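Scroll down for the structure; my scribbles are underneath it.
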DNA sequence: CTAGAAATAGTAAGCGTTTACTATGGAGAA
DNA sequence: TTCTCCATAGTAAACGCTTACTATTTCTAG
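Chains as they are written, first to last, in the UniProt record's numbering: chain A, 1 to 364; chain B, 1 to 364.
Now the structure itself:
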């Protein structure tokens, strides 16, 4: 007895590559079929037999081979999610919702990141197809490059044909004839609401900063922004719109440049909270007080918004909910089970949350 | 022709559940073996044949079945990671490192969350065993319950026996005879350094708040804290140590209570940045200025630390690096390939980053 | 007491790949 | 010309499960 572990230790038994169902069957003196049935519990197995089997299972530290199971059976009990970046809070909260709902529905969650590369995104969808996930959820705004859309549409069809589905989360449809499911939030409405709030506080020249060009999220937010301007009869000034990126760094550096120009704006709409954080930093550096000298708003209401000083007035997007709904919809038999309309679309609302970063413009 | 998509569309072809390698073989007029070889490219296939095969692959929108592949071949090209919460920045940054390194090494990444439940953690390790992941990485401090340790040790052995490995990331060893790999950071050293910094600024009564009791991370940070006190000959006062949790909410509420007692501390050490953020909020609410009236430090240096005002002085932990190293070590043939010592342990350093939340105590 | 229905267990056919082994054809060597 | 050796391609045996069928008991009812 040179073994360190005691003979009753589970798991340690085989030196090979893990016990198989056949090992368990042999140990329990039954056939593999019986073991399989005892484990899945969908077929009667005599109590004594079952107990013997379970004892062997623990003794051997047996766990089923998920691949063999997926190959023989139908479903993989896995959902795939594709996001930009695991550490970006916008995506992280959606991923949390996905992870939680998936695990509530007994699924595992394959999370991958594109790092903002759309080619990679397509490749990742294929990877998930290889994995035969029960659904693949792609999150976040999309490029509107037609070639890309076509490629994604092809994949949506392939997934649908294979009994899986492509879920678009927070991004526009690929077209009416493409079999996808969609979970979105009212991006344009939120932008409208917060812009209107700024206007109602007396602002007339509002700077818009951030968000990649030709990107669906940017387009919707900008659309809401313009609609609010139009509704109040305020002229659109192209000099006040600065697309670019979604990061904090972009907000900071672009704001620094803009501050040197004489644009005469009294409020800034950051395309998201991170951009707004950068804007705030640039303002702080210049000694411009917020909200006394300048009002600032963001979008998304990620935790940083309430961490900032002043606390950021922003648009709340129910991110975690979005993720949960994506999974519900993905796994639902019929769209109605998940509370979606019959075109498989579900929209969650947004609303503005008022904190301390906005006040009426200074009288000049 | 009632089909909407054009006949040259890839993918749309079969109505079934996805094309198989046999379909491709038939379409290309070769055997499945040849297709398999053409795809894996590890065996000569005539150029013309190969091209024919690839054409069929695109025509059919074929992607290999990862499960069949895993079953027949050896490896799954997947690593599993188990964290507390996807949206907690501490874990999110580690997860990002894991995800990036895994994808750099051609692996997919299965991410799951325990929500702080250690039973669930064990169950998740088994789930990953089922998936036959090339490695399973468990992240973050661990409970020191002996039963739990035993269970985890069993699983480590099972994984090792199956040719996979258990990687402990930021948590203590399970014992010398348990086959694990470890990536850690100098938790105790960081706590020592920042406590010493506080002392060097003149603080003598330092409050410690946060971190679950009987938790390895808490234990190490507290150990560093005490060592610094001892080294300077400052008495340990149990009334100044308040374990509890790692969240922002805990920092806030506990600090409120503590402020009502007359403890006479001049500085607060938050067990992590989130706790420190809560502390700062409680202080702000009471109108206590930081750092003039009270100094505050945190731990981890997650983004919120530089978002806060005052910017938080804290201990920097190279989280993303930690995740990357975990994957490198997990996948390395020999520990030396990954720069680890021969006992499969790798430690990354921590250092304090000084910002604006500490100053000498007020003369009273 | 016996036919027929449960209840329980076993047999074996896949599931979609990879890969060891085998087969074929033609080029170069003798 | 004949033999060998490559370069290719095919055959078929796993891989570890699930499940449709089949077989054996054991009840239950008539």
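The beta-carbon is built from N, C-alpha and C at its ideal position, and this holds for glycine as well.
All values derive from a computational prediction rather than experimental measurement.
With a threshold of 8 Å between beta-carbons, can residue i be considered close to chain B, or not?
i	result
residue 55 of chain A	no
residue 237 of chain A	no
residue 241 of chain A	no
residue 68 of chain A	yes
residue 353 of chain A	no
At a CB-CB cut-off below 9 Å, which residues of chain B make contact with residue i?
i	result
residue 93 of chain A	86, 87
Helix, strand or coil: how does DSSP classify residue i here?
i	result
residue 185 of chain B	strand
residue 12 of chain A	A caution first: residue 12 of chain A carries a pLDDT of 41, below 50, which makes its placement in the model too unreliable to give a value.
residue 154 of chain B	helix
residue 5 of chain A	With a pLDDT of 36 at residue 5 of chain A, under the threshold of 50, the modelled position of that residue is not reliable, and no figure is offered here.
residue 116 of chain A	coil
residue 348 of chain B	strand
residue 342 of chain A	coil
residue 78 of chain B	strand
residue 197 of chain B	helix
residue 125 of chain A	helix
residue 353 of chain A	strand
residue 327 of chain B	helix
residue 52 of chain A	helix
residue 21 of chain A	helix
residue 97 of chain A	helix
residue 285 of chain B	helix
residue 234 of chain B	coil
residue 336 of chain A	helix
residue 91 of chain A	helix
residue 362 of chain B	coil
residue 29 of chain A	coil
Should residue i be flagged as near chain A, meaning a C-beta pair shorter than 8 Å?
i	result
residue 18 of chain B	yes
residue 14 of chain B	Note that residue 14 of chain B scores a pLDDT of 38, beneath 50, so its modelled location is shaky; the value from the coordinates is reported in the next line. Yes - at least one Cβ of chain A is within 8 Å of the one on residue 14 of chain B.
residue 41 of chain B	no
residue 249 of chain B	no
residue 127 of chain B	yes
residue 110 of chain B	yes
residue 154 of chain B	yes
residue 96 of chain B	yes
residue 277 of chain B	yes
residue 99 of chain B	yes
So residue i contacts chain B; which residues on that side make the cut at Cβ distance below 8 Å?
i	result
residue 65 of chain A	71, 130, 132
Find the residues of chain A that neighbour residue i, judging by a C-beta separation of less than 9 Å, and give them in chain order.
i	result
residue 317 of chain B	Within 9 Å Cβ-Cβ: nothing; residue 317 of chain B doesn't reach chain A, min ~14 Å.
residue 61 of chain B	129, 154, 155, 157, 158, 161
residue 135 of chain B	Those do not exist, as residue 135 of chain B stays about 14 Å from chain A at its closest Cβ, beyond 9 Å.
By the criterion of Cβ-Cβ separation under 7 Å, what are the contact partners of residue i in chain B?
i	result
residue 273 of chain A	None at all; the shortest Cβ gap to chain B is about 10 Å.
Pull up the DSSP beta-bridge partners for residue i, would you.
i	result
residue 300 of chain A	A:316
residue 295 of chain B	B:267
residue 208 of chain B	B:241, B:269
residue 135 of chain A	A:79
residue 108 of chain A	A:78
residue 180 of chain A	A:166
residue 143 of chain B	B:215
If the cut is a Cβ gap below 7 Å, which residues of chain A does residue i touch?
i	result
residue 309 of chain B	309
residue 113 of chain B	99
Residue i versus chain A: which residues are under 8 Å apart at the beta carbon?
i	result
residue 304 of chain B	303, 304, 307
Quick one: does the C-beta of residue i sit closer than 7 Å to a heavy atom of the ligand SAH?
i	result
residue 83 of chain A	Judged by which ligands are present, the structure shown has none, so any question about the ligand SAH falls away.
*How do the region 86 to 103 of chain A and the region 318 to 336 of chain A stand: do at least 3 beta-carbon pairs fall below 8 Å, yes or no?*
yes
_Touching by the beta-carbon criterion (3+ pairs, under 8 Å), the region 202 to 209 of chain B and the region 229 to 246 of chain B_ = yes
*Using 8 Å as the threshold, is the region 54 to 66 of chain A in touch with the region 34 to 53 of chain B, meaning 3 or more CB pairs across them?*
no
*Determine, using beta-carbon pairs with one atom in the region 147 to 157 of chain B and one in the region 173 to 181 of chain B, whether at least three such pairs fall under 8 Å.*
yes
*How do the region 152 to 172 of chain A and the region 194 to 208 of chain A stand: do at least 3 beta-carbon pairs fall below 8 Å, yes or no?*
no
*Contact the region 23 to 33 of chain A vs the region 56 to 73 of chain A: 3+ CB pairs below 8 Å*: yes
*Does the count of Cβ pairs from the region 348 to 361 of chain B and the region 116 to 124 of chain B closer than 8 Å reach three?*
Contact between the region 348 to 361 of chain B and the region 116 to 124 of chain B is absent, because fewer than three Cβ pairs lie under 8 Å.
*Is the number of C-beta pairs between the region 159 to 169 of chain A and the region 306 to 320 of chain A that are closer than 8 Å three or more?*
No, because fewer than three Cβ pairs between the region 159 to 169 of chain A and the region 306 to 320 of chain A fall closer than 8 Å, the two stretches do not touch.
*Could you tell me whether the region 83 to 94 of chain B touches the region 82 to 99 of chain A, where touching means 3 or more Cβ pairs closer than 8 Å?*
yes
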